[in-house]
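965 is the number of the first residue of the sequence shown in the working numbering; add one for each residue after it.
We put the beta carbon where it would ideally sit given N, CA and C, even for glycine.
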Amino acid sequence: MRAAENEVDRIMKETDDIFNANPNREDSGRIIFEKLAPLMDEAMKKSVETYEEWHQVAENALNQGRKELEELEKELEQE
């Protein structure tokens, strides 16, 4: 997930660099649209996908922990 976020950050920095290097905002916008917009789109998709995967893993771990706690509580009640 961190790698995907780093890629988004890298592209954002490159966008800033283009704006800072080129005083013509129209040219900067065109360069960014043509060169960086597709890269940013892919990087954002990857970031979202990795977050969703991480979230699912965390949710599964939480559910497993709850299940184990319930089983332990049942065992203690039987004793």
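query	result
ALA1007 classed as buried or exposed, judged by whether at least 16 other C-beta atoms fall within 10 angstroms	buried
Option nearest ILE996 by Cα separation, candidates ASP1005, ASN988, ILE982	ILE982
Beta-carbon separation (whole angstroms), LYS999 vs ALA968, contact threshold 8 Å	LYS999 to ALA968, Cβ: 20 Å. No contact.
Cβ neighbours of GLU978 in the same chain (closer than 7 Å, five flanking residues each side left out)	LEU1000
For ASP1005, the nearest candidate out of GLU971, GLU1043, ASN984 (CA to CA)	GLU971
Whole-Å CB distance - TRP1018 paired with MET976, under 8 Å assumed	Wrong, their Cβ atoms sit about 21 Å apart, outside the cutoff.
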